[in-house]
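Chains as they are written, first to last, in this note's numbering: chain X, 116 to 422; chain P, 222 to 563.
By construction, the Cβ of each residue, glycine as well, lies at the ideal position given by its N, Cα and C atoms.
Since we're looking at a predicted model, the values are computed, not measured.
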């Protein structure tokens, strides 16, 4: 009886889908595919332009595919012409190369990501599980810090960094990213730790656990998913940051976003080199997205304040 | 949550854990905001050397043109148009992200083949810096010489039979309700004639910014809505179908109301991004002719760090902060109340 109604239900669904197939389904896929084109378009343009040579750059042929294999004028051919990437990577007398900038971005983003994530874990732990008096008021007080426009603090920030001897240095940028990540990193960890049952904490306390041992033996072993989410989220945001970098970093210390903007603003650099530099800037975070996309999505949802 | 506090020292240790972060926030957020506020009314008008003596509210008068002397000054003109731009940008950006994000989520929720592929594709722009996005779109919007041929986006429009859409994306056009149109005259008779002026229009430059920003964040909106849709049980829809509700009615009366919390999150997250948008404007070539792409965040940076007019820049920072606080503080307070109820 039960099996029978189940099969009827199934066939019911199936016929419904089949009868709708002809046009509803077709329209759905048509819409999804046109949006796919929209999302791919800029990346496609960046790529085809990167593989062009200076002589092939023509505004009215910007959507054309770059020349392939037969590349007599190309210095670095490999199926496509890689000259633009060489020029972008090594820079020129006017702008620092993306190679230097890449190292700067790594030197900035890796320590800032790790420090802010560890700090976020500790803060989230306390805010979720060891609520002191007024902890629920302190939390939104901290959270406000992630919404402020940094324009409202940039002047004191540059003055303070100068006084601390951190202005125009990568260490200064690491410091700034750690400080202004306190709200978001704390938020994600707090929301995650809130899902760990209080009974587990209380049971551990009865067994003689204290604030340190509970973190070490209960919270930390449950934390890897949250760590992955926050590490990805922080790395992406810090790598992609522009406002702090452009205000604080100078010349040789510039991370990729600032170096890219300088290349784009330089009248002597052609579109093919600009696009190659743009591709190089986007590549690290794109790779993170492609490899760890699942966690990236979780980070987005966790970072959306809902938890 | 009610942990039984047997050991008081842990309470203190817990607080000590938070303390460095709390101090950092007090100093680097609240302290710095107060500091910026003071700079905006100080005598530190020009040059890199700070001067913290009180200098009055000139900077604000310049921004809003409240005194006769500053009424038609460049600061007032520029600031008014930057406010118009950022509000228009925020409205267009929110609207387009919500419509596209919700539509895509609703489509993907219908057991589509290759859902993972589409979802990953729609979401990936989120991983890219606004500088990269802006640069790519800036080139897509490059105006060619119409006598030679169409370029960029206009070329694509032409190829798919939409050749009549060929705006000069770099021009300083501002779309607004024409004062001599029927709507404009009605507005004029009810004393709202000002609404039918370029002061309440949307510039073409802002539309280009919106398209680029929407490209980057509509997939994010989709992801939030999709997660929300997955949280609505199928039984609920099935029950409505049994009751004879059409698919449209189900969305209109059941799903959209249930997704209100998601929409609130989307609005808060996107609006705070768009109100402080800065890097995208930089990457798309700055403010353009007649400040058509100017926004307060950009205005502040240029005024402060390029022109070294610190009080003026600080004042823009303060106004921008107030603009965002109007949105954020009620949200945080409501959240706090809800948590206390729990």
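With burial defined as no fewer than 16 other Cβ atoms inside 10 Å of the residue's Cβ, what is the status of residue i: buried or exposed?
{"i": "residue 437 of chain P", "result": "buried"}
{"i": "residue 362 of chain P", "result": "buried"}
{"i": "residue 287 of chain X", "result": "buried"}
{"i": "residue 148 of chain X", "result": "exposed"}
{"i": "residue 220 of chain X", "result": "buried"}
{"i": "residue 296 of chain P", "result": "buried"}
{"i": "residue 444 of chain P", "result": "buried"}
{"i": "residue 463 of chain P", "result": "exposed"}
{"i": "residue 157 of chain X", "result": "buried"}
{"i": "residue 560 of chain P", "result": "exposed"}
{"i": "residue 492 of chain P", "result": "buried"}
{"i": "residue 278 of chain X", "result": "exposed"}
{"i": "residue 261 of chain P", "result": "buried"}
{"i": "residue 228 of chain X", "result": "buried"}
{"i": "residue 351 of chain X", "result": "buried"}
{"i": "residue 426 of chain P", "result": "buried"}
{"i": "residue 244 of chain X", "result": "buried"}
{"i": "residue 325 of chain P", "result": "buried"}
Within 8 Å of any Cβ in chain P, is that where the Cβ of residue i sits?
{"i": "residue 258 of chain X", "result": "yes"}
{"i": "residue 177 of chain X", "result": "yes"}
{"i": "residue 376 of chain X", "result": "yes"}
{"i": "residue 160 of chain X", "result": "yes"}
{"i": "residue 310 of chain X", "result": "no"}
{"i": "residue 397 of chain X", "result": "yes"}
{"i": "residue 340 of chain X", "result": "no"}
{"i": "residue 118 of chain X", "result": "Note that residue 118 of chain X has pLDDT 38, beneath the 50 cutoff, so the model's placement of it is unreliable and no number is given."}
{"i": "residue 225 of chain X", "result": "no"}
Strictly under 8 Å for the Cβ-Cβ distance: is residue i near chain X by that measure?
{"i": "residue 222 of chain P", "result": "Interpretation of residue 222 of chain P is limited by its pLDDT of 44, a score under 50 that renders its predicted location unreliable; no figure is taken from the coordinates."}
{"i": "residue 538 of chain P", "result": "yes"}
{"i": "residue 418 of chain P", "result": "no"}
{"i": "residue 529 of chain P", "result": "no"}
{"i": "residue 238 of chain P", "result": "yes"}
{"i": "residue 451 of chain P", "result": "no"}
{"i": "residue 372 of chain P", "result": "yes"}
{"i": "residue 523 of chain P", "result": "no"}
{"i": "residue 229 of chain P", "result": "no"}
{"i": "residue 365 of chain P", "result": "yes"}
{"i": "residue 341 of chain P", "result": "yes"}
{"i": "residue 440 of chain P", "result": "yes"}
{"i": "residue 560 of chain P", "result": "yes"}
{"i": "residue 350 of chain P", "result": "yes"}
{"i": "residue 305 of chain P", "result": "no"}
Could you tell me the distance, in whole angstroms, from the CA atom of residue i to the CA atom of residue j?
{"i": "residue 348 of chain P", "j": "residue 203 of chain X", "result": "21 Å"}
{"i": "residue 346 of chain P", "j": "residue 279 of chain P", "result": "42 Å"}
{"i": "residue 467 of chain P", "j": "residue 541 of chain P", "result": "45 Å"}
{"i": "residue 498 of chain P", "j": "residue 184 of chain X", "result": "42 Å"}
{"i": "residue 290 of chain P", "j": "residue 283 of chain P", "result": "9 Å"}
{"i": "residue 250 of chain X", "j": "residue 242 of chain X", "result": "7 Å"}
{"i": "residue 417 of chain P", "j": "residue 313 of chain X", "result": "59 Å"}
{"i": "residue 281 of chain X", "j": "residue 180 of chain X", "result": "46 Å"}
{"i": "residue 315 of chain P", "j": "residue 289 of chain X", "result": "32 Å"}
{"i": "residue 360 of chain P", "j": "residue 429 of chain P", "result": "11 Å"}
{"i": "residue 266 of chain P", "j": "residue 530 of chain P", "result": "5 Å"}
{"i": "residue 128 of chain X", "j": "residue 137 of chain X", "result": "Reliability fails at residue 128 of chain X, whose pLDDT of 46 lies under 50, so the model's placement of it is uncertain and the value that follows must be treated cautiously. So the two alpha carbons sit approximately 16 Å from each other."}
{"i": "residue 478 of chain P", "j": "residue 367 of chain X", "result": "53 Å"}
{"i": "residue 139 of chain X", "j": "residue 146 of chain X", "result": "11 Å"}
{"i": "residue 246 of chain X", "j": "residue 321 of chain P", "result": "40 Å"}
{"i": "residue 415 of chain P", "j": "residue 489 of chain P", "result": "29 Å"}
{"i": "residue 393 of chain P", "j": "residue 303 of chain P", "result": "14 Å"}
{"i": "residue 263 of chain P", "j": "residue 254 of chain P", "result": "14 Å"}
{"i": "residue 266 of chain X", "j": "residue 543 of chain P", "result": "12 Å"}
How is residue i classed by DSSP in three states: helix, strand or coil?
{"i": "residue 189 of chain X", "result": "coil"}
{"i": "residue 263 of chain P", "result": "strand"}
{"i": "residue 423 of chain P", "result": "strand"}
{"i": "residue 273 of chain P", "result": "coil"}
{"i": "residue 345 of chain P", "result": "helix"}
{"i": "residue 396 of chain P", "result": "strand"}
{"i": "residue 513 of chain P", "result": "coil"}
{"i": "residue 348 of chain X", "result": "helix"}
{"i": "residue 202 of chain X", "result": "helix"}
{"i": "residue 240 of chain X", "result": "helix"}
{"i": "residue 309 of chain P", "result": "helix"}
With which residues is residue i paired in a DSSP beta bridge?
{"i": "residue 195 of chain X", "result": "X:193"}
Compute the minimum distance between the beta carbon of residue i and the heavy atoms of the ligand ZN, and state whether it is under 7 Å.
{"i": "residue 380 of chain P", "result": "Looking at this structure, you won't find the ligand ZN or any other ligand, since it has none at all."}
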